[in-house]
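Asks: Reading the sequence shown from the start, the letters are residues 2 to 149 in my numbering. Cβ coordinates follow ideal geometry from the N, Cα and C atoms, glycine included. Owing to the predicted nature of the structure, the values given are computational and were not obtained by experimental measurement.
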Amino acid sequence: MGACKDKDKEVDPENNFAAEFVGNYYTLYIDGQILSEHTWDVERLDNNRLKIAYTQNRSTTISGQNVPILTQKWNLTNVTTTSGDQFSINETVDVEQSSGAALKQKVVGVGTKVINASGVQQINIEMALTNTATGVEEKLPYLEFKKK
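Following this line, the structure appears as structure tokens:
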């Protein structure tokens, strides 16, 4: 005996939101004498899956001269889009550091895409970075990554 299909019900194709986030983003954050430059290079890997190459350069100014402190890079390869304006990060990665020190961190956050008052697309996010060896969590400040 064959199975019957309901002609009135159409199957909704899976929404693919990944393409809506693709691009290069940046933000600057100043905490006292420390300047943190954050960049994201966002690529679509699959339906509703993104790759974010995240770089943070920290520097300070001494005697009027910019002095690099530390560069860190996270290669996030399992970022999941949950809607046309939101994605979720929840993965553990090895962090590449200019100091050469080994570091593995769990990165957690939810990014929200908005159009700011200047008409520029940006992604707003708060993230937590947890050192998997020590359990120490660093909560990053609220950041607004503007699309270049």
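Give the DSSP-derived three-state secondary structure of Ala19 in the structure shown.
Replies: Helix, per DSSP.
Asks: Please determine, among Thr40, Thr82 and Tyr26, the residue with the shortest C-alpha to C-alpha distance to Leu51.
Replies: Ranking Thr40, Thr82 and Tyr26 by Cα distance to Leu51 puts Thr82 first.
Asks: What does DSSP give as the partner residues of Thr93 in its beta bridges?
Replies: Lys107, per the DSSP bridge assignment.
Asks: Hey, could you find the ends of the beta strand (DSSP E) Gln57 is sitting in?
Replies: Counting along the chain, the beta strand (DSSP E) containing Gln57 begins and ends at Arg50 to Ile63.
Asks: Got a sec, what are the start and stop residues for the beta strand (DSSP E) Thr135 sits in?
Replies: Segment: none, Thr135 is in no beta strand (DSSP E) and carries neither H nor E.
Asks: Contact defined as beta carbons within less than 8 Å: I believe Met152 pairs with Ile70. What is the distance between those atoms, to the nearest angstrom?
Replies: Residue 152 is absent from the structure shown; the chain starts at 2 and stops at 149.
Asks: How would you call Leu130, buried or exposed, if buried means at least 16 neighbouring beta carbons within 10 angstroms?
Replies: Burial call: buried.
Asks: Below 6 Å CB to CB, which residues in the same chain sit around Asp42 once its five sequence neighbours on both sides are set aside?
Replies: So the list reads Asn25 and Ala54, once near-sequence residues are dropped.
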